[in-house]
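Chains as they are written, first to last, in the UniProt record's numbering: chain C, 1 to 428; chain R, 1 to 428. One structure is given below, encoded as structure tokens.
Number of protein chains: 2
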Amino acid sequence: MTVRFTGKKPSRRAFLKGTLASTAGVVAGAGAANAAGPDPLITEKQEWAMGTGEGVDATPYGLPIKYEDDVIRRNVEWLTADTISSINFSPIHALDGTITPQGCAFERHHSGAIELRKEDYRLMINGLVDTPLVFTYEDLERFPRVNKTFFLECAANTGMEWAGAQLNGAQFTHGMIHNMEYSGVTLRTLLEEAGLNAAGDLKDKWVYVEGADASSNGRSIPMEKALDDCMIAFKANGEALRKEHGYPARLVVPGWEGNMWVKWIRRIEVSDSAVESREETSKYTDTLEDGTSRKWTWVMDAKSVVTSPSPQSPIKHGKGPLVITGLAWSGRGAITRVDVSKDGGKTWETARLANPGQPMALTRFYLDTEWNGEEMFLQSRAMDETGYVQPTKAMLREVRGENSVYHNNCIQTWWVKADGEAENVEVS
Amino acid sequence: MTVRFTGKKPSRRAFLKGTLASTAGVVAGAGAANAAGPDPLITEKQEWAMGTGEGVDATPYGLPIKYEDDVIRRNVEWLTADTISSINFSPIHALDGTITPQGCAFERHHSGAIELRKEDYRLMINGLVDTPLVFTYEDLERFPRVNKTFFLECAANTGMEWAGAQLNGAQFTHGMIHNMEYSGVTLRTLLEEAGLNAAGDLKDKWVYVEGADASSNGRSIPMEKALDDCMIAFKANGEALRKEHGYPARLVVPGWEGNMWVKWIRRIEVSDSAVESREETSKYTDTLEDGTSRKWTWVMDAKSVVTSPSPQSPIKHGKGPLVITGLAWSGRGAITRVDVSKDGGKTWETARLANPGQPMALTRFYLDTEWNGEEMFLQSRAMDETGYVQPTKAMLREVRGENSVYHNNCIQTWWVKADGEAENVEVS
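Take a look at the structure:
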């Protein structure tokens with residue numbers, strides 16, 4: 001075998017020579033960049049079309065164009081103790097497709113977002129395992145990886161709406177959610193590396209997971225789920241997790257409430273019972289009318305919302321063709337159908353799914369319709385592969401009462417007025 | 001139907017009262033944010049784990065953590081006339097999964113990246129159509145939308161390697177590529193809106209597409225492709241296109257060379273012949289040994305590259321478990337198989353595809369292997385659903401000679417040395 005390589009890079013001149021020699025009129029595509037300079041025939045009005053020509057447009061890491069500076073995460077002032085929130089909602093009213101860019105993806109911190117270097121990162125597996133282990137970040141990268149797209153929804157998403165229509169905008173009512181393509185190692189792989197013989201019968205076993213932040217945000221997860229589809233993710237949408245999403249590694253618990261997706265994950269303990277930690281008892285439980293609480297309500301039930309038109313995305317054109325669009329998801333599997341109502345749930349039309357539903361991932365739906373210019377009470381209703389149908393708020397209140405904070409997956413209503421503006425309302 | 005809504009937002013106090021009343025010990029998840037303050041038991045060394053607690057970590061639009069500041073687009077100084085390039089390569093050596101974040105996705109400008117407001121945007125359809133039309137941006141949003149993930153590869157990707165191993169890193173040899181989830185309207189929808197009866201037999205018809213930048217970057221596309229799967233996209237990975245990718249709308253030409261994906265698209269003319277514009281004659285053609293040129297070489301043939309280990313992503317651990325990973329793609333359909341060689345193509349092992357290949361989209365592959373600590377000549381070889389097999393550089397040179405700049409889809413070789421460092425080499 002002959003190996004050839006050039007230790008030093010060729011000069012640009014040499015490169016151009018090599019290509020120019022080939023045939024008259026052919027210039028290297030790359031070399032010709034910026035050849036178009038200012039043209040005296042271009043009028044002042046067309047100057048915006050010229051770009052800079054100086055190449056300053058090329059950016060190492062790019063941000064959205066200035067005209068989109070309203071497509072950002074937002075908090076709700078009265079929701080948190082600080083004026084600057086530790087909850088920031090995804091601008092779902094302004095997005096399309098299914099992927100949420102990391103830059104505007106929902107963030108929630110129990111003790112702030114910490115800065116943890118890969119070099120300082122450690123992940124311990126202990127408890128009922130054959131060999132307790134501590135992994136470095138580099139260790140994690142040596143195990144077989146998987147790639148999957150999943151939604152994360154906070155258990156509190158839409159929680160403020162239990163008592164009635166409150167927050168005026170899909171970003172605020174339904175924006176505690178994001179959907180990303182994760183790359184990482186399955187939790188099963190790491191647990192099997194430590195060995196589970198010591199745990200005996202796995203049926204009733206648990207893992208307790210905690211993060212490296214001050215809250216630790218410890219959560220108990222049944223072994224069955226841990227071995228099924230959980231993963232330790234280090235990349236989201238191709239690149240490293242952001243600080244606010246748990247850099248350098250977080251737990252992914254597909255279809256289950258977001259607080260279980262422990263960020264900066266540092267320890268996984270195999271145990272024979274749930275820890276019943278602060279984060280899983282004082283929070284994320286639902287108090288019923290009789291004062292008892294629903295417990296271990298991990299799975300996020302099927303849900304949907306119309307993202308446009310909506311209060312932050314009013315109709316700006318008159319009657320005629322209108323695209324109604326939104327998102328649907330289910331923690332129990334794939335979305336199979338979404339219906340849309342324009343009259344507050346009296347009649348329904350089946351929407352078009354942009355692509356076949358994927359398990360535990362956001363599904364985009366569209367209803368291509370004609371608007372008659374009159375007011376609408378827009379609703380969407382999701383169904384998943386288990387046959388579950390998203391309930392109305394009345395149905396949900398009937399079984400849960402009005403004391404709950406979490407797990408509100410009821411049908412949302414937007415009152416779209418004749419002028420195209422929309423408002424969050426409740427119909428019954 | 002009863003409609004209820006609150007015109008004013010409830011006070012935080014009222015909200016907390018509503019939830020605290022429910023049962024002792026239950027606090028609103030949102031309201032409890034930042035409750036964990038500094039703890040005297042936390043040692044100085046653990047201070048990094050505290051976050052700020054002030055909420056300043058919450059950001060409207062987030063950027064990567066500072067520790068990842070090397071995962072950025074990069075140019076190649078000698079490749080362009082200006083020191084700041086109008087070509088910026090994706091850092092594929094540092095990414096995983098398949099989605100390319102917009103912030104570090106390959107950019108290439110023929111006349112700089114222009115800033116075009118949605119309000120100023122117009123798209124004209126003219127030529128052999130029943131009714132010439134001009135669409136505003138808002139008009140485009142009223143047509144039925146589609147969502148699809150596609151790769152864009154510049155025809156010049158890997159072009160510098162025809163003459164031998166040149167650029168030391170997958171970012172530079174193969175980084176003129178990105179892969180995003182697009183939302184937009186099919187070109188067919190808009191052409192049918194204008195009406196194609198005037199064009200008669202569509203078999204030999206063309207569309208000529210041009211952008212609003214000074215280069216206009218006009219390209220001719222056969223009607224068959226235009227009606228098949230082309231789209232006018234306004235969103236990528238959920239959010240608006242970035243300035244550098246053609247905000248507010250660009251053409252998507254799945255599987256075909258990136259320069260046809262006209263950015264800031266302003267005009268589509270239906271015609272009975274190709275225009276043979278500057279951008280499709282002086283560039284993007286391949287000159288053969290006999291001086292003639294291959295023309296209309298639109299489709300990007302099946303190709304792959306190992307992204308790690310690679311020159312910018314050396315092996316930092318010793319022998320033992322090693323994940324070899326990379327990307328594969330084909331403009332003719334889905335990737336069906338990727339083989340990896342450690343000995344410069346003498347023997348091959350079939351890699352694991354992270355997910356089934358999707359048509360004209362990046363596919364992530366992994367080879368979970370054991371490294372013996374000795375040097376490797378790493379190669380990957382992609383196959384697509386048409387049965388096409390990615391060729392060696394020798395095979396490609398045999399049919400194309402060495403005058404080409406574009407359409408180099410040959411097998412890449414990384415020489416991984418015993419110390420884990422890697423270098424771009426050529427083997428024969």
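Glycine included, every Cβ here is placed at the ideal spot set by N, Cα and C.
When beta bridges are read from the DSSP output, K263/C appears opposite no residue. Contact between V405/C and A156/C holds, with the beta-carbon distance rounding to 6 Å and staying under 8 Å.
For L167/C, no beta strand (DSSP E) run applies, since DSSP gives it neither H nor E. Under the three-pair Cβ rule at 8 Å, the region 259-271 of chain R counts as touching the region 127-135 of chain R.
Straight-line spacing of the CA atoms in S428/C and N408/C works out to 17 Å. In the DSSP assignment, A233/C falls within the beta strand (DSSP E) that extends over M231 to A236.
A residue is called buried once 16 or more other Cβ atoms fall within 10 Å of its Cβ, and W162/C is buried on that count.
Judged by their CB atoms, G333/C and P356/C are not nearer to each other than the 7 Å cut-off. Under DSSP, T350/C takes part in a beta bridge, and its partners are D339/C. Neighbours of K235/C in chain R, taken as residues whose beta carbon is under 8 Å from its own, are L95, D96 and G97 in chain order.
Note on D70/R: under 16 other CB atoms within 10 angstroms of its CB, so exposed under the neighbour-count rule. Its chain contains T285, D286 and T287 as the residues whose beta carbon lies nearer than 8 Å to that of S293/C, once the 5 sequence neighbours on both sides are disregarded; these appear in chain order. Within the region 60-81 of chain C, contact with chain R at the beta-carbon level (separation under 9 Å) is assigned to P60, Y61, G62, L63, P64, I65, K66, Y67, E68, D69, V71, I72, R73, R74, N75, V76, E77, W78, L79, T80 and A81.
The residues V185, T189, L190 and E193, in chain order, have a CB closer than 8 Å to that of F143/C in the same chain once the five nearest residues on each side in sequence are set aside.
For L378/C, the secondary structure class from DSSP, reduced to helix, strand or coil, is strand.
Residue burial annotation: M231/C is buried, with at least 16 other C-beta atoms found within 10 angstroms of its C-beta.
Between W298/C and M260/C a beta carbon distance of about 7 Å is seen, short of the 8 Å cut, so the two are scored as contacting.
Of all residues in the region 314-325 of chain C, only K316, H317, G320, P321, L322, V323 and T325 place a beta-carbon less than 9 Å from a beta-carbon of chain R. Proximity of the region 341-356 of chain R to the region 161-176 of chain C falls short of the contact definition, fewer than three beta-carbon pairs being nearer than 8 Å. Residue state for T287/R is assigned as strand, using DSSP reduced to three classes. Classified as exposed, V134/R has fewer than 16 neighbouring CB atoms from the shown chains inside 10 Å of its CB. Taking 7 Å as the cut-off, the Cβ atoms of Q171/R and R250/R do not count as close. Going by DSSP, V399/R is part of the alpha helix (DSSP H) stretching over K393 to R400. Of all C-beta pairs linking the region 195-213 of chain R to the region 109-117 of chain C, fewer than three are shorter than 8 Å, placing the two stretches out of contact.
Within the region 68-134 of chain R, the runs of beta strand (DSSP E) at least 3 residues long that lie entirely inside it are, in chain order, 122-127. Put simply, the region 146-155 of chain C does not touch the region 57-66 of chain C. Fewer than three CB pairs are less than 8 Å apart.
Under the 8 Å Cβ criterion, the region 85-98 of chain R does not count as touching the region 218-235 of chain R, having fewer than three qualifying pairs. According to DSSP, residue pairing for D368/R in a beta bridge involves V323/R. One thing to note: G291/R has its Cβ no nearer than 7 Å to the Cβ of T307/R. In the pairwise beta carbon analysis, the region 370-380 of chain C is classified as touching the region 414-424 of chain C: at least three pairs are separated by under 8 Å. Taking the CA atoms as reference points, W371/R sits about 29 Å from D228/C. I99/R and E181/C do touch by the CB rule: their CB atoms are close to 5 Å apart, below 8 Å. DSSP lists no beta-bridge partner residue for P356/R. In chain order, P144 and R145 make up the part of chain R whose C-beta sits under 7 Å from the C-beta of Y366/C.
Rounded to whole angstroms, C410/C and V389/C show a C-alpha spacing of 10 Å. One thing to note: P311/R has its Cβ no nearer than 7 Å to the Cβ of G238/C.
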